[in-house]
Amino acid sequence: MPTPTKFPPILLRRATGLVAVAVFGTAGAAIAQDGDLRTVDLEMYLELESVSDPQISPDGTEIV
0 MPTPTKFPPI LLRRATGLVA VAVFGTAGAA IAQDGDLRTV DLEMYLELES VSDPQISPDG
60 TEIV
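Heads up: the sequence shown begins at 0 in numbering that gives the first Met the number 0, then just goes up one per residue.
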């Protein structure tokens, strides 16, 4: 026997849809406003540094 819900299923679907539109709409707007997006070219790739064994400094203020 199904358990009764507090909200009718149609309300839950509408609320889920509205939340999805709000989340994806604001994310898309934030990406569209950022005009400083750059692709990684060969020069940038070669300047990247690799970290293989990060450790916390003795005083605990930095990761070295």
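Quick reminder that beta carbons are idealized off the backbone N, C-alpha and C, glycines included.
Next item on the list: Would you mind reading off the limits of the alpha helix (DSSP H) that contains LEU47?
Entry: Where LEU47 is concerned, there is no enclosing alpha helix (DSSP H), given that its DSSP letter is neither H nor E.
Margin query: Rounded to the nearest angstrom, what separates GLU46 and GLY24 at their Cα positions?
Written below: 35 Å
Checklist line | SER56 beta carbon less than 8 Å from that of VAL63 | finding: Cβ distance < 8 Å, so VAL63 and SER56 count as in contact.
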